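Asks:
In the UniProt record's numbering, the protein residues as written are 1 to 250.
Laid out in structure tokens, this is it:
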């Protein structure tokens, strides 16, 4: 069963109509106008929003016009002319460092570049976007070789949030960070709870700055809102986010 506010989905392999995957999508994005999408690998994913709507009778609507985004070249591990990959989007990831005052700086080490195909309905799934979370800044863009550098700035938000990791629901001490949103992850299997900030680039879809929650996380938009909140029954998750940052390109 999907959570309230989630979407059910099914992914098909178009070549022979087999079902590749079924499940739930929890997102802050309104998907009512994005019923189905496809990608260059011949996969089609459709969503619906009523209870158990992706059962055996669920199929790709006959009147849906499916058009995959253009395929582009992107820089891969290095920036050599012969080291490239193909995808619908180019990706760029850089590590960040936070000092004791909450200032965030982009490291010149650990930069990763690559390609991505269309991913359905992730909260940060947008054609051109950069966002900062944990100790990373992550970008996606849709023009050839646009991942040479960070494609968009991520301005530091003004919302004060707790930042750190602890095994106690209400730890004795936490650091602070500033972002557009605060987040708190569910406890991992070691009981560690992670808190931090999330910021997105200018021009990002408005829903990316909205609060939301699932069994794995809470995203909120009030001062220090990612402290203790026992009224939200979070369950242990192997998905682990360890911090946050809000750098600008440089």
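Just so you know, even glycine gets a beta-carbon here, dropped at the ideal spot from N, CA and C. Since this is a predicted model, take the numbers as computed values, not measurements.
Just how far apart, CA to CA, sit residue 37 and residue 44?
Replies: Going by the C-alpha atoms only, they are around 6 Å apart.
Asks: Starting from residue 159, follow the beta strand (DSSP E) in both directions and report where the run begins and ends.
Replies: Run containing residue 159: 159-166, per the beta strand (DSSP E) assignment.
Asks: Should residue 78 be labelled buried (16 or more other beta-carbon atoms within 10 Å of its own) or exposed?
Replies: Under this definition residue 78 is an exposed residue.
Asks: Decide yes or no for the touch test of the region 137-153 against the region 209-220: beta carbon pairs closer than 8 Å, at least 3 of them.
Replies: Taking 8 Å as the limit for Cβ pairs, the verdict is that the region 209-220 does not touch the region 137-153.
Asks: Between residue 14 and residue 222, what straight-line distance do the alpha-carbon atoms span, to the nearest angstrom?
Replies: The straight-line gap from Cα to Cα measures roughly 44 Å.
Asks: DSSP on residue 21, reduced to helix/strand/coil?
Replies: Reduced to three states, the DSSP call for residue 21 is strand.
Asks: Could you check where the beta strand (DSSP E) with residue 175 kicks off and where it finishes?
Replies: Run containing residue 175: 175-179, per the beta strand (DSSP E) assignment.
Asks: Which first and last residues belong to the beta strand (DSSP E) in which residue 193 is found?
Replies: First-last of the beta strand (DSSP E) with residue 193: 193-200.
Asks: So what's residue 229 in DSSP terms, helix, strand or just coil?
Replies: Because residue 229 carries a pLDDT of 45, less than 50, the predicted location of this residue cannot be relied on, and the following value inherits that uncertainty. Note: residue 229 maps to coil in three-state DSSP.
Asks: State the beta-bridge partners of residue 94 as determined by DSSP.
Replies: DSSP lists 137 as partners of residue 94.
Asks: What first and last residue would you give for the beta strand (DSSP E) that runs through residue 47?
Replies: Run containing residue 47: 43-48, per the beta strand (DSSP E) assignment.
Asks: So, helix, strand or coil for residue 132, using DSSP?
Replies: Residue 132 falls in the strand class under three-state DSSP.
Asks: Among 216, 160, 9, 63, which has the Cα closest to the Cα of residue 187?
Replies: Comparing Cα-Cα distances from residue 187 to each of 216, 160, 9, 63, the minimum goes to 216.
Asks: Could you check the C-alpha separation between residue 154 and residue 84 for me, to the nearest Å?
Replies: Each residue's Cα considered, the two are about 26 Å apart.
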